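**Student:** So the sequence shown is numbered by our numbering: it starts at 3 and just counts up by one. Following this message is one structure expressed as structure tokens.
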Amino acid sequence: MGNLAAAGFGALASLVVVAIGAWLQAQRERRHWLRDQKLRGAVDYVTSTRYLLNQYRKVGELGMDEDDRREWRNRMQSARSTLSLLCGARTVTLANDVARALYRLGPESDEAQEDAAETAFQNLVWQLRKELGSPRLDG
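Shown next as structure tokens:
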């Protein structure tokens, strides 16, 4: 009888260890998935926003092709939605600040407005790096 109880206890302990291992693995996979999704959203947002900021500085909103501008704004908005769903409140606030600063730029924009948009963009990039656990670059 004692051997049967020991075997039952051993089997139960093995099941508990397997269950804990599976739970830990699922948590690890979820963290990796979440980071990958945040990274994809961040890259898409930074890329589309950087393109729009550069174009606004170079040719102004009226100088841009309307379809091109619409496509890049749609990309930006899609990426912003990803950030809004997955990132922390500070990151979401900064992403919204960038979008507002970008939409304020127009043909009559002065250098101060362009600089404000660029500063908002840089603040977001640093926050994204922090949230994603990227090392800070000096400079």
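Just so it is clear, CB atoms sit at the ideal spot from N, CA and C, and this is done for glycine as well. Computed from a prediction, not measured in an experiment: that's the story for all the values here.
1. Three or more beta-carbon pairs under 8 Å between the region 66-76 and the region 11-28, yes or no?
2. For the alpha helix (DSSP H) holding D69, just list the boundary residues, first then last.
3. Look at the Cβ atom of R42, then the Cβ atom of L134, and state whether they are nearer than 8 Å.
4. Quick one, are the C-beta atoms of Y58 and A97 less than 8 Å apart?
5. Rounded to a whole number of angstroms, what is the C-alpha to C-alpha distance between V32 and W25?
6. What would DSSP say about E120, mapped onto helix, strand or coil?
7. So the candidates are D117, L130 and D112; which of them puts its Cα closest to the Cα of A81?
8. What is the DSSP secondary structure of L130, counted as helix, strand or coil?
9. Does the Cβ of T121 have 16 or more other Cβ atoms within 10 Å, making it buried, or fewer, making it exposed?
10. For S50, does the three-state DSSP call read helix, strand or coil?
11. Identify, in the order they occur along the chain, each residue of the same chain with its Cβ nearer than 7 Å to the Cβ of V45, setting aside the five sequence neighbours on each side.
**Tutor:** Reading from the atomic positions:
1. No, they do not touch.
2. For the purposes of this step, residue 69 is taken as residue 67 along the sequence shown, with counting starting at 1. Its alpha helix (DSSP H) spans residues E68 to L88.
3. Residue 42 sits at position 40 when you count from the first residue of the sequence shown. Residue 134 sits at position 132 when you count from the first residue of the sequence shown. No, the pair does not count as a contact, with Cβ atoms beyond the cut-off.
4. Residue mapping note: residue 58 aligns to position 56 of the sequence shown, counting from 1. Residue mapping note: residue 97 aligns to position 95 of the sequence shown, counting from 1. No, they are not a contact pair.
5. Looking up residue 32 in the sequence shown gives position 30. Looking up residue 25 in the sequence shown gives position 23. Correcting the residue identity first, residue 32 is Arg in this sequence and not Val. In a straight line, the C-alpha of R32 is about 11 Å away from that of W25.
6. As a position in the sequence shown, residue 120 is number 118, starting the count at 1. If DSSP states are grouped into helix, strand and coil, E120 belongs with the helices.
7. Here the question's residue 81 lines up with position 79 in the sequence shown. Closest by alpha carbon: L130.
8. Here residue 130 is taken as the residue at index 128 of the sequence shown, counted from 1. For L130, the three-state secondary structure derived from DSSP is helix.
9. Taking the first residue of the sequence shown as position 1, residue 121 is located at position 119. Result: exposed.
10. Position 48 of the sequence shown, counted from the first residue, corresponds to residue 50. The answer is helix: DSSP assigns S50 an H, G or I state.
11. Here residue 45 is taken as the residue at index 43 of the sequence shown, counted from 1. So no residue of the chain qualifies.
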